[in-house]
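Engineer:
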Amino acid sequence: MEKNELLDIMLERRSIREYTGEPIPMEKLNAVIEAGLSAPSSRGRRPWELIVIRDRQTLIALSGSRMGSARMLAGADAAIVVLGDEDLSDVWVEDCSIVMAHMHLMADSLGLGSCWIQGRNRDARPGQLTTENYIRSFLKFPSNYRLLAMLSLGIPAVQPDARQVEDLPFDKVHINRF
Ligand SMILES: Cc1cc2nc3c(=O)[nH]c(=O)nc-3n(C[C@H](O)[C@H](O)[C@H](O)COP(=O)(O)O)c2cc1C
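Using the working numbering, you'd call the opening residue of the sequence shown number 1450 and step up by one each time.
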């Protein structure tokens, strides 16, 4: 295929969990938010809400929302928490996932490091406290708003290799039948 800028960005996108500590320029953070808000949604209902976190103490608190898997938030410059209104849409999970994917890709294309941190179906303390309720205790969102995930954001301190088209798992593609 001929060169395509979007595919190049998709191949370069990696999860970045280490950040330099420098602040993200406001215009880049705004572009990430705009990418999220431009996501399609079922029936155009936009059941999502985004909570942008820049407060250091809150980032540190959120880093404890998963056993280890959210620790990069303590060193992040920002996080975007994505919530879905389950009363507004029965496919809020899909809608919120597209918002996350848009923001993650946009962050990468702007030279920002970001990582998807799973919230839904995860625990802060297994068997005792869900990640959702842990985060709700800090961010105070009502019970019909469900946690999908968080995107950590910062200036990257590492540069993992891009993927190569030839290495993509083409064996997962089936033509006409499984
Ligand atoms: C639905 C989903 C949940 C994820 N949850 C986490 C997570 O909780 N913590 C984390 O560090 N990375 C998480 N990731 C990032 C994946 O580990 C990462 O995308 C995968 O290892 C491939 O690496 P790459 O993103 O650099 O291509 C998640 C990614 C997705 C799509």
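Quick reminder that beta carbons are idealized off the backbone N, C-alpha and C, glycines included.
#1: Buried or exposed: which applies to ASP1544, given that a residue is buried once 16 or more other Cβ atoms fall within 10 Å of its Cβ?
#2: Write down every uninterrupted run of the alpha helix (DSSP H) in the stretch 1552-1610 whose length is 4 residues or greater and which is fully enclosed by it, in chain order.
#3: Below 8 Å on the Cβ atoms is my contact criterion, and I expect MET1552 with ILE1529 to pass it. Report the Cβ-Cβ distance as a whole number of Å.
#4: In three-state terms, what does DSSP make of VAL1501?
#5: Does VAL1531 come out as helix, strand or coil in the three-state DSSP assignment?
#6: Which whole-angstrom value is the C-beta distance of ILE1482 and LEU1499, which I expect to be below 8 Å?
#7: If you count every other CB in all the chains shown that lies within 10 Å of the CB of ASP1526, and 16 or more means buried, which is it?
#8: Give every residue of the same chain whose Cβ lies closer than 7 Å to the Cβ of GLU1535, excluding the five residues on either side of it in the sequence, and list them in chain order.
#9: I think VAL1548 touches GLY1485, with their Cβ atoms under 8 Å apart; what is that distance to the nearest whole Å?
#10: Hey, is TRP1565 close to ligand 1, as in C-beta under 7 Å from one of its heavy atoms?
#11: Give me the residue from LEU1478, TRP1497, LEU1456 and ILE1465 with the minimum Cα distance to PHE1590.
#12: Taking only beta-carbon positions, decide if GLN1608 is within less than 8 Å of chain D.
#13: Is there contact here, the stretch 1576-1585 with the stretch 1604-1618, by at least three beta-carbon pairs under 8 Å?
Structural biologist: A quick look at the data gives this:
#1: buried
#2: 1580-1588
#3: 6 Å
#4: strand
#5: strand
#6: 7 Å
#7: buried
#8: TRP1541, ASN1593 and ARG1595
#9: 4 Å
#10: yes
#11: TRP1497
#12: Among the chains of the structure shown, chain D does not appear; only one protein chain is present.
#13: no
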